[in-house]
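K.L.:
Residue numbers (the working numbering), protein chains in the order written: chain G, 1280 to 1906; chain R, 1280 to 1906.
Written out as structure tokens, the structure reads:
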């Protein structure tokens, strides 16, 4: 029963082993890597308005100027990343660049920042997607948290199935979104320029009704911070360069430029029109919804197409995070900063756990923040900008190293190859400028949004870095202990003493006895007697079936099981000489139907938990299959 | 770290082994067994009022007559149980009586009914206890669900610690409750008779504001059903006869009579005064609270003493259920109707699971029903009355058997000994009458409360019975398969082929190799190569350290782990001849600190899950302890 249930939802276990990636061109590449970045146009403008609203509707006139500043920043970041793509043709995420150029702690900080961010991408994107749906169908508003949680679970199941993502899966919704949005923005701009664009009819209730703050530079910076969520996802291509057709770096770089251009156009267009039509920030109707219905004059077919496209691309952005999270995790695990198990891609058990944990955390965030994008945003962008800063600093340092190489020298680092380049100073300046800008934005973000939740992230990221470093120390210590440098092979086994647990004398016990005899002749059968009458029966039967092995009956008048056994083992332990092993053989019934396995105690498993720290003590479970 | 946390909350593991019970006298016995029964006086009257309120406050005049009818029923049940106590000196719970006299299905029905009931006892008692606290301190009302859940967890931890309950632990709060309540009822009755007792000042808002139902016989029966919750717990002494000093049955019987008398007096007293002072049913203030503050004229010291006593005895009633649940579970497990693991009392792991499950279900109920006693009651009493009915029917059948014995014949049943008795017909009539009465009440209860939730119980109990019977069938089938009747001992092992998993060549691997060599010379070391460079290193090292055992490297270009291994094992499996074993030896690091164990995959455990159904395949984990 559980098997078919699993099969239905998750697919046949182990069947979807990764095939080697087919490489993709620029058109498909844009679709595959742009959903996260482009989808942020669905909420970035709204988040600017949310903050400006604190100073009253009059402050909305700053929306477009702020958007311009953000696009300027975006340009710098995009140029920086274009350089990274060429330097790291094997994939140059912030983690790799920081690791190769800045050292252990910055690399782990980048890793922590990105893992935190992928989680928040799921929560924010899904929440925004649900906000679009709820805008179109207001009666669903009370169920938004449920819908959001349901969508996370949906994306989780998709990822547990491990459905192979084809380019088409991404291309159709991404281009659908791009085309409908471009069309909408164009129609909007045309109407605006020809004076046909009115203002929002029946605007929703504004998030903040009246001015509660003064229109200060701080507030403008605050609004700017919120808007920088538009930049999230712009780094995606630099992680996935290997997916492109040759010449990889060139194709990836061109795609990045295209993506940034589209992102800039859409974001500026939405921001301009939002300001023009007087869209107001609200929890019940998104800015995209207000803008679209104003442009098309009604909630007709076009309105629903735009809303559907927006919702779908947001869900896809969440899906991307589900793919990035385990990939980065595997990278860090390979370097020994996360549990090694994460490096095995196909070990579905471990992989599934990562996906399910990500879904669980995202759902928790969604429930805690009631699927409100505005309340989630303060946690979001710090990680992104920290990873930007580390990545660009790393690149700047890389150019510095490149500039100090001899003309014909080549240095191979794990992620890239260093050769002298003439214009290293220009490139260093570009990445350095990018680093400074993103660092400043990060600080602005942390300060302006500290009280709204950014402080949580300033705790989580260092905490994660400490955890990663602790794990690394453990693995390094382990390697030292396990090393064969000392040159001594362990001593041979002088005696292997087998303790065979006997609950009753039956086929299962005899199978275990047979196995034990294969190990050694030094077998002691042990029965824990909770019932004297039963114990006598076992003694009699053992005389017939026990093949001469001695049987010890441990009295347990209070119906205890583990305690008398552990006492007995402790006694053996005391008598033991060096080189002597103790092996405990436990017969275990294995019913065919897994549900019935619950009816049999896993004695071996329980013993293992207690005796794991005992040296030279091995616990063997001899399974005996029954109907 | 986790160790000390456990120790703090739950006590040193395995340290609190049961000492044999000291026997107790009547005074302490009353305290130990009466908390469940007596505590129901805290809510029974209120539940009658709740239903009568549906027909308006005018219907409250029926409160006392209904209480009288319930006390009459209680008398019948008490007399019936008094007979059971003498017939089953070893303890005569409904399960045992039904098993010995009615057969398998009725016995399991009694078991299911009681287990359901113990769970509800926890939820109802704790909810009522919290209602008392909230009545005294109304500002806590919004937190009632949290407080109730916290109290369940508190009782859970107490039970996980396995603190030995001394008579005094029970005697002090029980007698404190009995004395304060008797005093309160006496003062109330005195004031009522001398005309000094007024009505409730500032009564709380009534649960149902206006009459919504006609005052019909159905409504009266409905109110009667609710009031029968007063009878819950009356069977407790019949379960625990062995705890009494000799002459056991006599002492237990006298204690039962005392308990029933106290219960009757308190319940009638509370009901009479409640009707007299015009107490109204409410979710915010309990009837006990209204009554006490009216009797004492204010919320002074006495008021708080009564409320505290009532709260404490209700929590103790929940504690009793925590003791009864595993005891009955062990009884049913011993008969093969529940997982056998439950019979081990000291196996703390299993025992803890039972306690924690009980707490989890109770908390779920409390959250679902918002700690409202009124909403929980419809689920409660069906189980109780089903067990009463089965127990009394069983007793009636037992007397019939006794009456048909020869004068000097003796029949020994598992729970009691049958000897001819002269007045068997009278006794059969008493128990039979009890059975009929409780059966009728059960039907009345099910019908009148069907829509309020009783239907849930009419599904759960049969479902549990089916589960119990399925488990029993499994164990019986297993015994047949394991039986040695067929007389053939399994064949000897012709060949034991060992597969040693090699992740790397280090001390842990050598320890496992040493162990494997002790098993056989037929060793194949297998390495899953996710990285060709690494694999080459391992091959070279193995030549030095592998003691001549052959090494097979399984290529895994896609970083899979389990899949290539399972493929390889499937190949071995095909080649295998009868009598040949396959043993997989897995080296396993065991870091001293348990937290670091999470950093190492339990490969053996994962293999076991997949390979459990493979015959003659044993998986051995050879632990290697590291810092």
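From the three backbone atoms N, C-alpha and C, an ideal C-beta is built for every residue, glycine too. Being a predicted model, the structure only gives us computed values, none of them experimental.
Can you name the residues that DSSP bridges to residue 1830(R)?
P.N.:
Residue 1830(R) pairs with 1804(R).
K.L.:
Quick one: what's got a C-beta closer than 8 Å to residue 1411(R)'s C-beta in the same chain, skipping five residues either side?
P.N.:
Hits under 8 Å: 1321, 1565, 1567, 1568, 1586, 1589, 1590, 1593.
K.L.:
Since residue 1368(G) contacts residue 1520(G) with CB under 8 Å, what's their CB separation in whole angstroms?
P.N.:
Yes, residue 1368(G) and residue 1520(G) are in contact; Cβ-Cβ is about 6 Å, under 8 Å.
K.L.:
Using beta-carbon positions only, say whether residue 1756(G) and residue 1376(G) come within less than 7 Å of one another.
P.N.:
No, the Cβ-Cβ distance between residue 1756(G) and residue 1376(G) is not below 7 Å.
K.L.:
Between the beta-carbon of residue 1542(G) and the beta-carbon of residue 1336(G), is there less than 7 Å?
P.N.:
Result no, Cβ atoms of residue 1542(G) and residue 1336(G) do not sit closer than 7 Å.
K.L.:
Taking DSSP's pairing of strands, which residues face residue 1697(G) in a bridge?
P.N.:
Residue 1697(G) is bridged to 1690(G).
K.L.:
Can you look up residue 1887(G) in the DSSP assignment and give me helix, strand or coil?
P.N.:
Helix.
K.L.:
Using CA atoms only, rank isn't needed, just tell me which of 1419(R), 1858(R), 1828(R), 1560(R) is closest to residue 1652(R).
P.N.:
Nearest option by C-alpha distance: 1560(R).
K.L.:
Could you tell me the distance, in whole angstroms, from the CA atom of residue 1908(G) to the CA atom of residue 1619(G)?
P.N.:
Absent from the model: residue 1908(G). The displayed extent of chain G is 1280 to 1906, so no value can be given.
K.L.:
Using 10 angstroms around the beta-carbon of residue 1470(G), count the other beta-carbons present and answer buried if the total reaches 16, otherwise exposed.
P.N.:
Residue 1470(G) is buried by the Cβ-count criterion.
K.L.:
Once you ignore the five residues that flank residue 1826(R) on each side, which residues in its own chain have a CB closer than 8 Å to its CB?
P.N.:
Result list for residue 1826(R): 1792, 1796, in chain order.
K.L.:
Closest by CA to residue 1601(R), which one among 1638(R), 1713(R), 1413(R), 1551(R)?
P.N.:
Comparing Cα-Cα distances from residue 1601(R) to each of 1638(R), 1713(R), 1413(R), 1551(R), the minimum goes to 1638(R).
K.L.:
Could you tell me the alpha carbon to alpha carbon distance between residue 1396(R) and residue 1702(R), rounded to whole angstroms?
P.N.:
Each residue's alpha carbon lies about 34 Å from the other.
K.L.:
Using a beta-carbon distance below 7 Å, is residue 1693(R) in contact with chain G?
P.N.:
Not one chain G Cβ lies under 7 Å of residue 1693(R).
K.L.:
From which residue to which residue does the alpha helix (DSSP H) around residue 1727(G) run?
P.N.:
Counting along the chain, the alpha helix (DSSP H) containing residue 1727(G) begins and ends at 1703-1727.
K.L.:
Taking Cβ-Cβ distances below 7 Å as the criterion, which residues of the stretch 1875-1897 of chain R are in contact with chain G?
P.N.:
Cβ contacts with chain G: 1875, 1877, 1878, 1880, 1885, 1891, 1892, 1894, 1897.
K.L.:
Where residue 1306(G) and residue 1356(G) are concerned, what is the direct C-alpha to C-alpha distance, given to the nearest angstrom?
P.N.:
Straight-line Cα distance between these residues: approximately 22 Å.
K.L.:
To which residues of the same chain is residue 1430(R) closer than 8 Å at the C-beta, ignoring the five residues directly before and after it?
P.N.:
Closer than 8 Å at Cβ, skipping near neighbours: 1405, 1408, 1409, 1594, 1597.
K.L.:
At the 7 Å Cβ level, is residue 1405(R) part of the contact set with chain G, yes or no?
P.N.:
No, residue 1405(R) does not count as interfacial toward chain G.
K.L.:
Taking only the alpha-carbon atoms, compute the straight-line gap between residue 1899(R) and residue 1880(R) and give it to the nearest angstrom.
P.N.:
Going by the C-alpha atoms only, they are around 15 Å apart.
K.L.:
Could you please tell me which residues of the stretch 1850-1874 of chain R, in chain order, have their CB closer than 8 Å to any CB of chain G?
P.N.:
Under the 8 Å Cβ criterion, the stretch 1850-1874 of chain R contributes 1860, 1868, 1869, 1870, 1871.
K.L.:
Can you tell me where the beta strand (DSSP E) holding residue 1780(R) begins and where it ends?
P.N.:
Residues 1774-1780.
K.L.:
What is the DSSP secondary structure of residue 1896(G), reduced to helix, strand or coil?
P.N.:
Strand, per DSSP.
K.L.:
Checking contacts by CB at 7 Å: is residue 1787(G) closer than that to chain R?
P.N.:
So yes, residue 1787(G) belongs to the interface.
K.L.:
Answer with buried or exposed for residue 1895(G), where buried requires no fewer than 16 other C-beta atoms within 10 angstroms of its C-beta.
P.N.:
Answer is buried; the Cβ neighbour count reaches 16.
K.L.:
Pick helix, strand or coil for residue 1421(R), following the three-state DSSP scheme.
P.N.:
It is helical.
K.L.:
With a threshold of 6 Å on Cβ separation, who are the neighbours of residue 1553(R) within its own chain once the five nearest residues in sequence on each side are excluded?
P.N.:
Taken in chain order, the residues that qualify are 1324, 1566, 1570.
K.L.:
The beta strand (DSSP E) that contains residue 1863(G), what's its start and end?
P.N.:
First-last of the beta strand (DSSP E) with residue 1863(G): 1859-1870.
K.L.:
Among the residues of its own chain, which have a CB less than 6 Å from the CB of residue 1388(R), if the five just before and after it don't count?
P.N.:
Excluding residues within five positions, the ones whose Cβ falls inside 6 Å are 1744.
K.L.:
Compare the C-beta of residue 1753(G) with all C-beta atoms of chain R and state if any pair is closer than 7 Å.
P.N.:
It does; some Cβ of chain R falls within 7 Å.
K.L.:
Just confirm the distance between the C-beta atoms of residue 1498(R) and residue 1607(R), as a whole number of angstroms; I'd bet it's less than 8 Å.
P.N.:
The Cβ separation is near 35 Å, so there is no contact.
K.L.:
Please state whether the Cβ-Cβ distance between residue 1534(G) and residue 1516(G) is less than 7 Å.
P.N.:
Closer than 7 Å, so yes.
K.L.:
Would you tell me roughly how many angstroms separate the C-alpha atoms of residue 1906(G) and residue 1382(G), rounded to the nearest one?
P.N.:
Their Cα atoms are separated by approximately 58 Å.
K.L.:
Residues of the stretch 1797-1823 of chain G with a CB closer than 7 Å to any CB of chain R: list them in chain order, please.
P.N.:
Correct list: 1797, 1798.
K.L.:
Check for me: the alpha helix (DSSP H) holding residue 1532(G) runs from which residue to which?
P.N.:
Looking at the DSSP string, the run of the alpha helix (DSSP H) that includes residue 1532(G) is 1527-1556.
K.L.:
Just how far apart, CA to CA, sit residue 1361(R) and residue 1667(R)?
P.N.:
Using only the alpha carbons, I get a separation of about 13 Å.
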